[in-house]
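First the structure, in the form of structure tokens, and then the observations on it.
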Amino acid sequence: MEKTEIIIIGGGVVGASVAYHLTKRGVKDVLILEKENRQGLGSTGKATGGVRAQFETDINIRMSLYSIDFFERWDFDCGYEPRGYLFFATDEKQLDYLRRNVEKQKSLGVKAIEIVNTQTISEIVRGLNCEDIVGGSFGANDGFINPLGVLEGFTRKARENGAEILTGTEVISIETRNDKVVGVKTNQGVIKAETIVLCSGAWAKELAKTAGVDLPVEPQKRQIVWAKTAEPLPSNLPMVIDLGSGFHFRSAVDFVNPSAVADGTDVLFAFPDADGKSSFDTNFDESFIPKVYERAKHRAAFLAETTVVREKCRAGLYENTPDHHAIIGGCEIEGLYFCNGFSGHGVMHSPASGRAIAEIILDGKASFLDVSCLSLERFTTGELLHETSFI
Ligand SMILES: Cc1cc2nc3c(=O)[nH]c(=O)nc-3n(C[C@H](O)[C@H](O)[C@H](O)COP(=O)(O)OP(=O)(O)OC[C@H]3O[C@@H](n4cnc5c(N)ncnc54)[C@H](O)[C@@H]3O)c2cc1C
38 MEKTEIIIIG GGVVGASVAY HLTKRGVKDV LILEKENRQG LGSTGKATGG VRAQFETDIN
98 IRMSLYSIDF FERWDFDCGY EPRGYLFFAT DEKQLDYLRR NVEKQKSLGV KAIEIVNTQT
158 ISEIVRGLNC EDIVGGSFGA NDGFINPLGV LEGFTRKARE NGAEILTGTE VISIETRNDK
218 VVGVKTNQGV IKAETIVLCS GAWAKELAKT AGVDLPVEPQ KRQIVWAKTA EPLPSNLPMV
278 IDLGSGFHFR SAVDFVNPSA VADGTDVLFA FPDADGKSSF DTNFDESFIP KVYERAKHRA
338 AFLAETTVVR EKCRAGLYEN TPDHHAIIGG CEIEGLYFCN GFSGHGVMHS PASGRAIAEI
398 ILDGKASFLD VSCLSLERFT TGELLHETSF I
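Have a look at this one:
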């Protein structure tokens, strides 16, 4: 292809959502360029599959509210399961933080969210060591989605509406003339376009640089251990998160073949390892296993008495910005837009972010939700956002 109207760089869940929302608005010439030979090999295929409205900032809460509602009503089964998210606190300061967040979440319209005491926590998660837990928050509409399911849904519907996807096509540079985009140079040749949306996840910074834009998105390795429990886990086990350490666990699902894991003895656990420096390395590091077990052993015997399924442990990349919020919008180069830097929330926020960028491109601004606080400009004006409850 030599020319198209809109090029989307990156065929992960964000690029697919952008394509879906643009084509839903009637744009026909939408082309996704994906460097790998199939979709889902970036961060999307590595995600834990959590979705929650339990955030600190208005924008994250609103993005989640919109997206959870979208997942629930979508005429495509993306595996949305409202099993809840339980955050627990191990000191009063953390509990106060959760109390403030819950008040804000309620004021913005989050339903079925409450502060829970230690007794309730021990009932929600039988077998959890609650000795050092002082309370927590539980959001019943939070829960799980299948990241590859969401990706498939957006891609399939975007294609039905006319979008095209070229896999095995790596964008080498974004071409500009007189501060306007004119196309991209790829390993398959040049493709002209006057609108480009950069959705290349953790790999966005270098591409933005080719257009002369400094995009503060850094890759960070994040790992997950997959293990088998001795007894089946309760079928209603929520996502459980230690607010202080970030240690979390959930029952595991094979996103490629969700029915493959059916006996309830598969569990995922992880924590944000401070050793994870900025890097594009996605090899699973064995030394993570004892670190995560140290935390698991303290928290529950049913987690400690598990057997690691080494071939299912995985490592992927967070695409972090300095304030852990996404970058959604344009820049000083006419026709160049960013949908990046989700810092660990890209799957759950994909419905809101795809719609936002489609409205920004077609209408000049997002009107279903004001996302102006997520502009790239904030890093030069210093209007950074503040969110502590990222994991
Ligand atoms: C361990 C882990 C757990 C996570 N858990 C969750 C979770 O529970 N919930 C949640 O919402 N999020 C979670 N995330 C974050 C989530 O996975 C990401 O935010 C999301 O997948 C970002 O989607 P994306 O489409 O921007 O990126 P990606 O899925 O990485 O897609 C970007 C695509 O761009 C392609 N690309 C890159 N460079 C080029 C190029 N030059 N030319 C063409 N194509 C290119 C890549 O191949 C890739 O397919 C997790 C991430 C990790 C690593």
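According to our numbering, numbering within the sequence shown proceeds without interruption in unit steps and concludes at 428. Think of the CB as a built atom: it goes at the ideal place given N, C-alpha and C, for glycine as much as any other residue.
Mind checking which residues open and close the alpha helix (DSSP H) that includes L135? Its alpha helix (DSSP H) spans residues E129 to S144.
Under the assumption that T204 contacts R75 (Cβ atoms under 8 Å), give the Cβ distance between them as a whole number of angstroms. About 6 Å separates the beta carbon of T204 from that of R75, a gap short enough to meet the 8 Å contact definition.
What's the C-alpha gap between F416 and A363? If you take the alpha carbons of F416 and A363, they lie about 12 Å apart.
Would a C-beta distance cut-off of 8 Å place G283 and S54 closer than the cut-off? At the C-beta level, G283 and S54 stay beyond 8 Å of one another.
According to DSSP, is L305 part of a helix, a strand, or is it coil? The three-state secondary structure of L305, taken from DSSP, is strand.
Look at A200 and N377 and say whether their C-beta atoms are less than 8 Å apart. Against a cut-off of 8 Å, the Cβ pair of N377 and A200 comes out as no contact.
Excluding five sequence neighbours on each side, which residues of the same chain lie with their C-beta closer than 6 Å to the C-beta of S210? Hits under 6 Å: K222 and T247.
In angstroms, rounded to a whole number, what distance separates the CA positions of V345 and T319? Near 19 Å, if we compare the C-alpha coordinates of T319 and V345.
Terminal residues of the continuous alpha helix (DSSP H) containing H285? First-last for H285: H285 to S288, but that is the beta strand (DSSP E), not the alpha helix (DSSP H).
Within 8 Å, do at least three Cβ pairs link the region 145 to 155 to the region 173 to 186? Three or more pairs of CB atoms, one per stretch, sit closer than 8 Å, so the region 173 to 186 contacts the region 145 to 155.
Taking C-beta to C-beta, are L145 and L102 nearer than 8 Å? In this structure, L145 places its C-beta atom within 8 Å of the C-beta atom of L102.
Beta-bridge pairing of A403 - partner residues as DSSP gives them: Residue pairing from DSSP leaves A403 without any beta-bridge partner.
Drop a sphere of 10 angstroms on the beta-carbon of R137, count the other beta-carbons inside from all chains shown, and report buried for 16 or more, exposed for fewer. The residue is exposed, with fewer than 16 neighbouring Cβ atoms inside 10 Å.
Burial state of T94, where buried means 16 or more other Cβ atoms lie within 10 Å: Taking every protein chain shown into account, the CB of T94 has 16 or more other CB atoms within 10 angstroms, so this residue is buried.
Where does N357 fall in DSSP's three states? Note: N357 maps to strand in three-state DSSP.
Give the secondary structure of V51 by DSSP, where H, G and I count as helix, E and B as strand, and everything else as coil. Shown here, V51 sits in a helix according to DSSP, grouped into three states.
Within 8 Å, do at least three Cβ pairs link the region 354 to 369 to the region 378 to 390? Counting Cβ pairs under 8 Å, three or more are found: they touch.
Inter-residue spacing [alpha-carbon to alpha-carbon] between L185 and A56: Each residue's alpha carbon lies about 16 Å from the other.
6 Å CB neighbourhood of M276 in its chain, flanking five on each side removed: When the five nearest sequence neighbours on each side are left out, the beta carbons in the same chain lying within less than 6 Å of the beta carbon of M276 are those of G87, Y122 and R287, in order along the chain.
Taking 7 Å as the cut-off, is the C-beta of G99 nearer than that to any heavy atom in ligand 1? Per the sequence presented here, residue 99 reads as Arg, with Gly not at that position. Because no heavy atom of ligand 1 lies under 7 Å away, the Cβ of R99 does not count as near it: no.
Classify K72 as helix, strand or coil using the three-state DSSP reduction. Three-state DSSP puts K72 in coil, outside helix and strand.
Opposing strand residues paired with S315 [DSSP bridges]: Its beta-bridge partners are Q257.
Which residue wins for smallest C-alpha separation from T266, given the options R89, I45 and F339? The residue among R89, I45 and F339 with its C-alpha nearest the C-alpha of T266 is F339.
Under the rule that 16 or more other beta-carbon atoms within 10 Å means buried, what is S296, buried or exposed? By the neighbour-count rule (16 or more Cβ atoms within 10 Å), S296 is not buried but exposed.
Identify the continuous beta strand (DSSP E) that holds T344 and give its terminal residues. Bounds of the beta strand (DSSP E) holding T344 are T343 to V345.
Where does D279 fall in DSSP's three states? D279: strand per DSSP, three-state reduction.
Going by Cα to Cα distance, which pick from A393, I370, A264 and P269 is closest to K61? Checked all of A393, I370, A264 and P269; the closest Cα to K61 is A393.
Taking only runs of the alpha helix (DSSP H) that begin and end inside the region 78 to 133, which ones reach a length of at least 4 residues, in chain order? With a minimum length of 4 residues, the continuous alpha helix (DSSP H) runs that stay inside the region 78 to 133 are 95 to 110.
Sequence-distant residues of its chain with Cβ nearer than 7 Å to E73 (five each side left out): Excluding positions up to five away in sequence, the list reads T204.
Backbone secondary structure at L188 - three-state DSSP: L188: helix per DSSP, three-state reduction.
Helix, strand or coil for F321, going by three-state DSSP, please let me know. Secondary structure of F321 (DSSP, three-state): coil.
Can you tell me whether DSSP reads A299 as helix, strand or coil? The answer is coil: DSSP assigns A299 none of H, G, I, E or B.
Return the CA-CA distance between G52 and K141, expressed in angstroms with no decimal places. Between G52 and K141, the C-alpha separation is close to 31 Å.
Where does the unbroken alpha helix (DSSP H) through L413 begin, and where does it stop? Where L413 is concerned, there is no enclosing alpha helix (DSSP H), given that its DSSP letter is neither H nor E.
Tell me C236's beta-bridge partners as DSSP assigns them. As far as DSSP is concerned, C236 takes part in no beta bridge.
Flag E73 as yes when its Cβ comes closer than 7 Å to any non-hydrogen atom of ligand 1, and as no otherwise. Distance from the C-beta of E73 to the nearest heavy atom of ligand 1 is below 7 Å.
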